[in-house]
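First to last, the protein sequences are chains A and B. Going by my numbering, the residue at position 300 of the first sequence is 345; the numbering climbs one at a time, nothing skipped. Going by my numbering, the residue at position 455 of the second sequence is 500; the numbering climbs one at a time, nothing skipped. From the three backbone atoms N, C-alpha and C, an ideal C-beta is built for every residue, glycine too. Report on the structure given below.
There are 2 protein chains.
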Amino acid sequence: MAKKKTDKVRPQVLKGFRDYPPPEQIARETMIGNVRSAVELMGFLPLQTASLELAETLLGSHYTDDNLAELFGFVGPDDVNMALRYELTVSLARYVAANPNLALPFRRYQYGNVWRVDKPGPGRYREFMQFDIDIVGTSNILADAEIIAAMVAVFDGLGINNYKVKYSSRKIMNGLIKFAGIDDNKAADVMRVVDKLNKQGKDAVIAELGAGRTDRSGDKIKGVGLTDSQIAEIEKFLDSVSGSGNSLETAESLLGSVQVSVEGINDLKAIESHLSSMNIDKNKTEIDLTIVRGLAYYTGPVFETVLLDLPEFGSVFSGGRYDNLVSRFVGKQIPGTGASIGVDRLLAALIELKALKLEQSVSKVLVTVMDPERLPDYLKMLHQLREAGIPSEIFVGDSKNITKQVKYADKVGIPFVLIVGSNEFEAGQVTIKNLKAGKEKAKETSEREEWLKAEEIQVTISADKMLEYLKGELG
Amino acid sequence: MAKKKTDKVRPQVLKGFRDYPPPEQIARETMIGNVRSAVELMGFLPLQTASLELAETLLGSHYTDDNLAELFGFVGPDDVNMALRYELTVSLARYVAANPNLALPFRRYQYGNVWRVDKPGPGRYREFMQFDIDIVGTSNILADAEIIAAMVAVFDGLGINNYKVKYSSRKIMNGLIKFAGIDDNKAADVMRVVDKLNKQGKDAVIAELGAGRTDRSGDKIKGVGLTDSQIAEIEKFLDSVSGSGNSLETAESLLGSVQVSVEGINDLKAIESHLSSMNIDKNKTEIDLTIVRGLAYYTGPVFETVLLDLPEFGSVFSGGRYDNLVSRFVGKQIPGTGASIGVDRLLAALIELKALKLEQSVSKVLVTVMDPERLPDYLKMLHQLREAGIPSEIFVGDSKNITKQVKYADKVGIPFVLIVGSNEFEAGQVTIKNLKAGKEKAKETSEREEWLKAEEIQVTISADKMLEYLKGELG
Chain A
46 MAKKKTDKVR
56 PQVLKGFRDY
66 PPPEQIARET
76 MIGNVRSAVE
86 LMGFLPLQTA
96 SLELAETLLG
106 SHYTDDNLAE
116 LFGFVGPDDV
126 NMALRYELTV
136 SLARYVAANP
146 NLALPFRRYQ
156 YGNVWRVDKP
166 GPGRYREFMQ
176 FDIDIVGTSN
186 ILADAEIIAA
196 MVAVFDGLGI
206 NNYKVKYSSR
216 KIMNGLIKFA
226 GIDDNKAADV
236 MRVVDKLNKQ
246 GKDAVIAELG
256 AGRTDRSGDK
266 IKGVGLTDSQ
276 IAEIEKFLDS
286 VSGSGNSLET
296 AESLLGSVQV
306 SVEGINDLKA
316 IESHLSSMNI
326 DKNKTEIDLT
336 IVRGLAYYTG
346 PVFETVLLDL
356 PEFGSVFSGG
366 RYDNLVSRFV
376 GKQIPGTGAS
386 IGVDRLLAAL
396 IELKALKLEQ
406 SVSKVLVTVM
416 DPERLPDYLK
426 MLHQLREAGI
436 PSEIFVGDSK
446 NITKQVKYAD
456 KVGIPFVLIV
466 GSNEFEAGQV
476 TIKNLKAGKE
486 KAKETSEREE
496 WLKAEEIQVT
506 ISADKMLEYL
516 KGELG
Chain B
46 MAKKKTDKVR
56 PQVLKGFRDY
66 PPPEQIARET
76 MIGNVRSAVE
86 LMGFLPLQTA
96 SLELAETLLG
106 SHYTDDNLAE
116 LFGFVGPDDV
126 NMALRYELTV
136 SLARYVAANP
146 NLALPFRRYQ
156 YGNVWRVDKP
166 GPGRYREFMQ
176 FDIDIVGTSN
186 ILADAEIIAA
196 MVAVFDGLGI
206 NNYKVKYSSR
216 KIMNGLIKFA
226 GIDDNKAADV
236 MRVVDKLNKQ
246 GKDAVIAELG
256 AGRTDRSGDK
266 IKGVGLTDSQ
276 IAEIEKFLDS
286 VSGSGNSLET
296 AESLLGSVQV
306 SVEGINDLKA
316 IESHLSSMNI
326 DKNKTEIDLT
336 IVRGLAYYTG
346 PVFETVLLDL
356 PEFGSVFSGG
366 RYDNLVSRFV
376 GKQIPGTGAS
386 IGVDRLLAAL
396 IELKALKLEQ
406 SVSKVLVTVM
416 DPERLPDYLK
426 MLHQLREAGI
436 PSEIFVGDSK
446 NITKQVKYAD
456 KVGIPFVLIV
466 GSNEFEAGQV
476 TIKNLKAGKE
486 KAKETSEREE
496 WLKAEEIQVT
506 ISADKMLEYL
516 KGELG
């Protein structure tokens, strides 16, 4: 452990980590509040689990030191191997397994940070927030329909209009794998590779299913090693269901003889019917049989989303059914299904779509301290404003300069400034400066300096009209 | 790193960690929402910082491996020493130092988990949440008054009535230390020991200021090594200001010749006057000169609280002024002041005080599936309920047994159950079972079994009256 020997510490965050300054954090809180409202209306209950887990909880009992190094894992107190969670679903499975008296099905939501050692990049951090919804303890396909309905409710609740929730079932692809004579133990790899279809394109997927390929940065990517005829079957399927027409019918005609595929097709038909009964707009969801998702543990329906105005954001809300996850812990199957929001990616999308505005401040009024002798009077005004429910603050800085106090309000983004000098006190009046008005006209800093001093953006009114005036202005 | 060789993983949390099941998490969310509202009305802005920090950020540049082991610290990716934060203030100081263009004074709140390697015990966890409010970038004592005002606003907003925010200033005790001829480098230790006055009693404090003592479990506690006459000065001060009467006057008479004490006394007078101008109830705050707080970095006013009905909970909201914390990072002083809530301790207190009720469920209505053929009709009802803003769910479990479905609602805590069989459909009616009514009468499980089947706790009404009826019942 090398240590610095200088006295001062450089004020920096760890590589791949970040802070959320107030404007972004205000937006995040608003967004999370909206998502919570949407899913609570559907009966999802909040759960919070520990951030650190036993290494074997996250990795299973046969993990290696290398596996642990892929997480933020370490030897903690009492010599126990532990790691920060990299997602929320495994902790949910652990919670369900540990609470045999839990009422099932368990509808729960959880939001919180997860940590991954991935190489950081633009928009890719090592600490980020996920918001998960899951229903555990039922194999009923109605639960999968509820997850899709919740995804729709969340987007609608956030004011996003132009999106599509796409869904399919792993079972259809599992049947295809059987039909093509591909070995079962290659199934997870096939899913992982086919999942790249949208991002990497068909040629890359075909190459990776076979002998492998070289990616843009020149790195070798190992192939799954399927035979040409096996690859041809997969290609034929993907081509057929990508075309126009009813993809379920197409899948039936190709895989009608494979029982597991037929089960998957019937599941999708049931989901489609349930969504229609729930009156969900047909344009908001779509069966897309090229979707498989990359995670190894999915066993049935899988879900992802596309923001049609921002397709480059990828899927900001995805998931699927996982019927074997809890059996890592207990000797019985407790099936589950769910989906996860990448909170910060979705937030970036909302800002991009102007569905959410970045607010600089929560305070609406700054009470300035022009005459320190009158501080008790300023504090009384402050009290009045807050009692009236108007978020307000008094200038608590060291400066007595009124221009500096007004500049503070401008910089923080407080729209109104209250100025009361001895003249006003004598006349029973207050001056209210409206920093919002005309702000658009004065974007340049130099202009703003002038404008902050301007008299015409202020009113001087009777002190007992102050609250009424501000309430009117603030709507 | 020893590893288990069995296949199944025991579903357990790490020692000192815990989950928050829905009833507690619902209560936490409600409480945090109320605290946020209270402090946002006062202009505090939300900030979120990274959970992991560089070791030197948390520990200063001269830390040892032992210091790192006192945190959840480890060598992370790229061979960097890092640790989970153990509080939020140091990260705030790091944030302020890294953002020289930040508008000051910076009023911010932050809530989030912190991690400590302390020995776990009843109510003491290694991961717990803090909610901090701070004002950074001003030495104006008005900022300290705002922190106290915010503490009062938070308690009031949570519906707690019988509490006292107590405050003092480190400067008074610093003057006493000088007056008693105690070496400056012992000041932090004196504060740490005097802070134990309320919990451990005067005898323990006196002993620990001198040669040391043996605690209840037989462990030796090292003493600060003050002389008898130095200890006598401290004892005299503590006795004098603990008595009835005006403790500021008492302090003035004892320490009027020591400049730093006089500064502290004047600070407290100013705070008292500001709080009065803000119209804060005199019974809610109190100057208590025996209060010093234990943390090394406080330099001025210090705050703590007592819940008068639950004094054994200790201070659930405490803090103070720290004028040198940011200088760990930059070569200038950026003074700050603030206070921190122990979220889970305060939550336990709220539940104990019955100021917050534990809710089992968010759903108000369970739509049962009596006749699977009529699923589309059940889903339409579900849609109607949600459209009307009534949190509702449909039974998505695998069982078709209506008694099991009703039991699910009872176990989760859903108050109303909708039951519609073919008879009701034909007659255009719905049956609504009220699981809340009479629930108090049937506390025993055996009684509840009977009661769940009882006919008298249900009504059968026209389907088009369903929403109206439920809205009436739900208030």
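Start-to-end residues for the alpha helix (DSSP H) that takes in residue i
| i | result |
| --- | --- |
| residue 337 of chain A | Counting along the chain, residue 337 of chain A falls outside any alpha helix (DSSP H), and DSSP gives it neither H nor E. |
| residue 98 of chain B | First-last for residue 98 of chain B: 97-99, but that is the beta strand (DSSP E), not the alpha helix (DSSP H). |
| residue 220 of chain A | 215-224 |
| residue 437 of chain A | First-last for residue 437 of chain A: 437-439, but that is the beta strand (DSSP E), not the alpha helix (DSSP H). |
| residue 243 of chain A | 242-245 |
| residue 294 of chain A | 292-300 |
| residue 287 of chain A | 273-287 |
| residue 310 of chain A | 304-322 |
| residue 186 of chain A | 186-202 |
Simplified DSSP assignment, three categories, for residue i
| i | result |
| --- | --- |
| residue 520 of chain A | coil |
| residue 64 of chain A | coil |
| residue 350 of chain A | strand |
| residue 261 of chain A | coil |
| residue 462 of chain A | strand |
| residue 396 of chain A | helix |
| residue 116 of chain A | coil |
| residue 93 of chain A | strand |
| residue 46 of chain B | Per-residue confidence for residue 46 of chain B stands at a pLDDT of 45, beneath the threshold of 50, marking its modelled position as unreliable; the derived number appears in the next sentence. Here residue 46 of chain B sits in coil by DSSP. |
| residue 157 of chain A | strand |
| residue 132 of chain A | coil |
| residue 267 of chain A | strand |
| residue 442 of chain B | coil |
| residue 511 of chain A | helix |
| residue 121 of chain B | coil |
Supposed close pair residue i, residue j - CB separation, criterion 8 Å
| i | j | result |
| --- | --- | --- |
| residue 481 of chain A | residue 460 of chain A | 4 Å |
| residue 346 of chain B | residue 365 of chain B | 6 Å |
| residue 80 of chain B | residue 325 of chain B | So it is not a contact: roughly 18 Å between Cβ atoms. |
| residue 436 of chain B | residue 88 of chain A | 6 Å |
Member of the options whose CA lies at the smallest distance from the CA of residue i
| i | options | result |
| --- | --- | --- |
| residue 382 of chain A | A/328, A/250, A/221, A/184 | A/184 |
| residue 441 of chain B | B/299, B/456, B/412 | B/412 |
| residue 358 of chain B | B/396, B/262, B/293, B/330 | B/396 |
| residue 373 of chain A | A/349, A/68, A/342 | A/342 |
| residue 355 of chain A | A/179, A/206, A/163, A/133 | A/206 |
| residue 132 of chain B | B/138, B/154, B/100, B/175 | B/175 |
| residue 352 of chain A | A/329, A/367, A/249, A/369 | A/329 |
| residue 61 of chain A | A/170, A/130, A/97 | A/170 |
| residue 204 of chain B | B/278, B/143, B/400, B/289 | B/400 |
| residue 216 of chain A | A/304, A/143, A/252 | A/304 |
| residue 127 of chain B | B/113, B/137, B/139, B/138 | B/113 |
N- and C-terminal bounds of the beta strand (DSSP E) containing residue i
| i | result |
| --- | --- |
| residue 363 of chain B | 362-367 |
| residue 128 of chain B | 126-129 |
| residue 479 of chain A | 474-479 |
| residue 177 of chain A | 172-181 |
| residue 408 of chain A | Taken as a continuous stretch (DSSP letters only), residue 408 of chain A belongs to no beta strand (DSSP E), as it is neither H nor E. |
| residue 385 of chain B | 381-387 |
| residue 503 of chain B | 503-507 |
| residue 332 of chain B | 330-332 |
If contact means a Cβ-Cβ distance below 8 Å, which residues of the region 172-183 of chain B contact chain A? 172, 180, 182, 183
Near-chain B residues of the region 446-480 of chain A - C-beta to any C-beta below 7 Å: 453, 456, 457
Against chain B: residues of the region 389-404 of chain A by CB proximity under 9 Å: Within the region 389-404 of chain A, no residue has a Cβ that lies closer than 9 Å to any Cβ of chain B.
Contact list for the region 363-393 of chain B against chain A, Cβ threshold 8 Å: Per Cβ criterion, the list reads 373, 374, 375, 376.
Short of 7 Å Cβ to Cβ, which residues in the region 137-150 of chain A face chain B? 139, 140, 142, 143, 148, 149, 150
Identify each residue in the region 315-331 of chain A for which the Cβ-Cβ distance to at least one residue of chain B is less than 7 Å, and report them in chain order. Taking a C-beta cut-off of 7 Å against chain B, the contacting residues of the region 315-331 of chain A are 319, 322, 323, 324, listed in chain order.
When Cβ atoms are compared, which residues of the region 99-118 of chain A fall closer than 7 Å to chain B? Listed by position along the chain: 99, 101, 102, 105, 106, 110, 117.
In the region 60-73 of chain B, which residues sit with their C-beta less than 7 Å from some C-beta in chain A, listed in chain order? 60, 62, 63, 64, 65, 66, 67, 70, 71
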